[in-house]
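*Asks:* Structure below; questions to follow.
Protein chains: 2
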Amino acid sequence: MSDIHFLSDLAGKASSRMVLLVMDGLGGLPHPETGMTELETARTPNLDALAAESACGLIHAIGPGITPGSGPAHMALFGYHPVRFEVGRGVLSALGVGMDLGPDDLAARVNFCTVEDGVITDRRAGRISTETNARLCDKLASIDIEGIKAEIRPEKEHRAALVFNAPGLSDRVTDTDPQKTGLAPLRCEPLPDGGEAAERTAALVNAYLDRAAEVLADEHPANMILTRGFAKLPHIPKMTELYGLRAGAIATYPMYQAVAKLVGMEVLETGPSFKDQVDALERNWGDFDYFFIHYKYTDSRGEDGDFAAKVSCIEEVDAELPRILELDPDVLVVTGDHSTPAMLKGHSWHPSPLLLRSRRERRDGVRSFGETSCLSGCLGIFSAVDLLPLMLANAGRLEKFGA
Amino acid sequence: MSDIHFLSDLAGKASSRMVLLVMDGLGGLPHPETGMTELETARTPNLDALAAESACGLIHAIGPGITPGSGPAHMALFGYHPVRFEVGRGVLSALGVGMDLGPDDLAARVNFCTVEDGVITDRRAGRISTETNARLCDKLASIDIEGIKAEIRPEKEHRAALVFNAPGLSDRVTDTDPQKTGLAPLRCEPLPDGGEAAERTAALVNAYLDRAAEVLADEHPANMILTRGFAKLPHIPKMTELYGLRAGAIATYPMYQAVAKLVGMEVLETGPSFKDQVDALERNWGDFDYFFIHYKYTDSRGEDGDFAAKVSCIEEVDAELPRILELDPDVLVVTGDHSTPAMLKGHSWHPSPLLLRSRRERRDGVRSFGETSCLSGCLGIFSAVDLLPLMLANAGRLEKFGA
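The listed protein sequences correspond, in order, to chains H and X.
Using numbering that gives the first Met the number 0, read the first sequence as starting at 0 and increasing by one per residue.
Using numbering that gives the first Met the number 0, read the second sequence as starting at 0 and increasing by one per residue.
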């Protein structure tokens, strides 16, 4: 039942605490030499003991065969059908750097890049420092295009968020990032279904980019910007309001903070390590009903194709787990948003292993936390959008449907 | 995610080959003496070895408890929600004998039958030969009804396809086949929601059938025809276009060729045996991205209630399997469209065992190919309409959804 209003109508009050620990890209594929995935290879005594006293299963972020980006995958974990509530990349970037978006705002993801003799030679401008990025954003702030306000803010390294503000802007326009080197930056074009608003928007975007090329002309290596993922803020009812929750997010990367904010969570202060994140959980324990902890590096090392490093990341999380258990959450879920098998060096469609510990769940024969062991879990293979109802039920926060 | 347009938007290019081998009616029920199904009874060393290196599971063509016909079951396997994209029996018959249908065409399935003293004594007219069928169709071609063109073509034995052509025909009319002997052929009646068009259509159909009775009066045993499954061509976007595939079908029965054609596949020349079908696969290997191989006889022997003969059919397929493996498809799926347990002598709702071999899938503990062993497969029990996304993903042909 992925209808949020159906679920919202059943929501009741309880004094119980839920923790959702997402190890990004947790799921993997077997190493050809051992037949074991990253999670199955890692020494995880704490996760294994937890699995033994949990209900286990696997979740599809979207559906069989569909590889999700992190945005939709997290929307699903928070109880939103990820296709019905699609959030554009530009919006995620802008929210992630703390820009508030309104209905007249159009956001895009920006890469600083290097252009030589008219063609892109480096789509990331040698991964310039965040400080250089900030200085360049200051220079770009001087651009003044009639009829539109533009604000650009640095993310990390070569990435920035750009927001245009004007009435009637359309997100039905194309990227200017050709996604490969050796080509010129593309012009922003209106999409066929975007009508007059898209035509006007594309013209304004191109005027801005022409000015950006002038402003950055003397810089090196970052002498141009590429834009993609033009998007406006979608209407998303907040989970905090839908289910009467106080929710806190402990995430170190802007984009995950952004999704959390979008659904009504408060983003909590934390240091960069997983140990720091558990510190933040301890500090805030009394103030929230629902905690989302996002651990990024399992995904990063999977994307690198570094099987052993991903194994180490999983072990790092495992080592801190006892501190979470000491807080004795009423509902504790450990899972991934999607799989990122080191063997594929990228996101994949394979379902994510999941454990859910609560006093109100069934048990199963699962005695270790892994992709294969979770197959015999009592939760089966299910859709990630159904996780939130399961958590709320176990937290004593969902009423009966019907009499 | 069974929305074809969602999936189509994610489709990308790759040079990879997929093979879908459908053993019609593959799934079964346990023999009371052994507790093993047809597939579990068969000696299948090749399928078992393949299962051991595949991801296994079971699929529901439509859903628990729903017994599908072959048409909807195959639509699901090709990625079309079988209820949303319903194809009438008449259309399948007509396409199966090579009749092209347009918007003014109304197609029906025909049985030659025997009528004595006004009641049907044999619904299949003693299964007349296909040659006799063709001769009778020639006789029926002389029928001339004002305001409508009619064309009838032989299928196999007592079956034929009948297509009426006139503007504004309706498919909201009833069958004239009462589905049992001892009754008179029924009159074609308009359905209540069919309006004036259905009334006019029923009158034309009845006029045709009255003339058919006159034309066939001196024949024996085939002295009348029964019609059912009146249907018009639905609008079905072709899978070849949706996903950018070149797809070839290797099927020996008209109806499966028809469904394949309907979704954009090219029907490839093949002899009647499974060995011939694998020959056809080898001959065409370089020219297509996706092959659908349909093996009919597992279903036929299941319908006959002949457990041992169905076992032999499965063994016949198993023996040819190494030749398919030698072609080294990137994705190989072996499954059924639905179950046809010999114990039930007909189609059933039980999910079909499935194996999927690809370099990009997880492994599981399944070491033999059977209904019970596949229960512990890593694909779980899923909906047949999700098979195509899974195949495309494994073939490297689906982009990520969202960022």
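A virtual CB, placed ideally from N, CA and C, is assigned to each residue, including glycine.
What you are looking at is a predicted structure, and each value in this text was computed from that prediction instead of being measured.
#1: Evaluate contact between the region 73-91 of chain H and the region 243-260 of chain H, counting only Cβ atoms and requiring at least three cross-stretch pairs below 8 Å.
#2: Would a check of beta-carbon distances place H:THR173 closer than 8 Å to chain X?
#3: How big is the Cα-Cα spacing for X:THR113 and X:ASP174?
#4: Ends of the beta strand (DSSP E) at X:ALA160?
#5: With distances taken from CA atoms, which of X:LEU355, X:CYS373, X:ARG366, X:MET223 is nearest H:PRO63?
#6: Can you tell me whether H:TYR296 is helix, strand or coil according to DSSP?
#7: Compare the C-beta of X:ASP363 against all C-beta atoms of chain H and say whether one is closer than 8 Å.
#8: In whole angstroms, give me the CA-to-CA distance for H:PRO44 and H:LEU324.
#9: The beta strand (DSSP E) that contains X:SER351, what's its start and end?
#10: Note down the Cα distance separating X:ALA383 from X:GLY376, rounded to an integer number of angstroms.
#11: Using the beta-carbon of each residue, which ones in chain H are nearer than 7 Å to X:GLY379?
#12: Quick check on the burial criterion: 16 or more other C-beta atoms within 10 angstroms. Buried or exposed for H:PHE400?
#13: For H:VAL59, which of helix, strand or coil comes out of DSSP?
#14: X:MET22: which of X:ASP385, X:LEU374, X:LEU320 sits nearest, CA to CA?
#15: Mapping the DSSP letters down to three states, classify H:TYR255 as helix, strand or coil.
#16: Relative to chain H, which residues along the region 238-251 of chain X have a C-beta separation below 8 Å, given in chain order?
#17: Does DSSP classify H:MET238 as helix, strand or coil?
#18: Taking the C-alpha atoms as reference points, what is the distance between X:PRO233 and H:THR33?
#19: Who are X:TYR289's beta bridge partners in DSSP?
#20: Need the endpoints of the alpha helix (DSSP H) that H:ALA206 sits in, please.
#21: Using a Cβ cut-off of 9 Å, pull out every chain H residue sitting near X:PRO413, in sequence order please.
#22: Whose C-beta lies closer than 7 Å to the C-beta of H:GLU398 among residues of the same chain, with five residues either side of it excluded?
#23: Applying the 10 Å Cβ sphere with the 16-neighbour rule, what's the burial state of X:GLY78?
#24: For the beta strand (DSSP E) that H:GLY379 lies in, which residues bound it at each end?
#25: By the three-class DSSP mapping on this structure, what secondary structure does X:LYS344 have?
#26: Judging by CA-CA distance, which residue of H:GLY181, H:ILE380, H:LEU391 is the nearest neighbour of H:ARG358?
#27: Report the neighbours of X:SER375 on chain H: residues whose CB is nearer than 9 Å to its CB, in chain order.
#28: What residues in the region 99-127 of chain H have a beta carbon less than 9 Å from any beta carbon of chain X?
#29: Give the list of continuous alpha helix (DSSP H) stretches no shorter than 4 residues that lie fully inside the region 116-175 of chain X.
#30: Let me check one thing: in DSSP terms, what residues is H:PHE111 bridge-paired to?
#31: Starting from H:LEU374, trace the beta strand (DSSP E) in both directions and tell me its first and last residue.
#32: Contact criterion: CB-CB distance below 8 Å. Does X:ARG359 meet it with respect to chain H?
#33: Beta-carbon separation of H:CYS373 and H:GLY97 under 8 Å?
#34: Can the beta-carbon of X:ALA230 be found closer than 8 Å to that of X:ASP170?
#35: The alpha helix (DSSP H) with X:LEU94 in it runs from where to where?
#36: Could you pull the start and end residues of the beta strand (DSSP E) that X:VAL332 belongs to?
*Replies:* Looking at the atomic coordinates:
#1: yes
#2: no
#3: 17 Å
#4: 158-164
#5: X:LEU355
#6: helix
#7: yes
#8: 13 Å
#9: 351-356
#10: 15 Å
#11: GLY379, ILE380
#12: exposed
#13: Note on residue identity: the sequence assigns His, not Val, to residue 59 of chain H. In the structure shown, H:HIS59 sits in a strand (DSSP, three-state: E or B).
#14: X:LEU320
#15: helix
#16: none
#17: helix
#18: 50 Å
#19: X:MET17, X:ALA246
#20: 194-214
#21: In the structure displayed, chain X extends from 0 to 402; residue 413 of chain X sits before or after that span and is not available.
#22: LEU9, GLY11
#23: buried
#24: 379-382
#25: coil
#26: H:LEU391
#27: LEU374, SER375
#28: ARG108
#29: 129-139
#30: H:ILE224
#31: Looking at the DSSP string, H:LEU374 is not in any beta strand (DSSP E), and its letter there is neither H nor E.
#32: yes
#33: no
#34: yes
#35: 88-95
#36: 330-334
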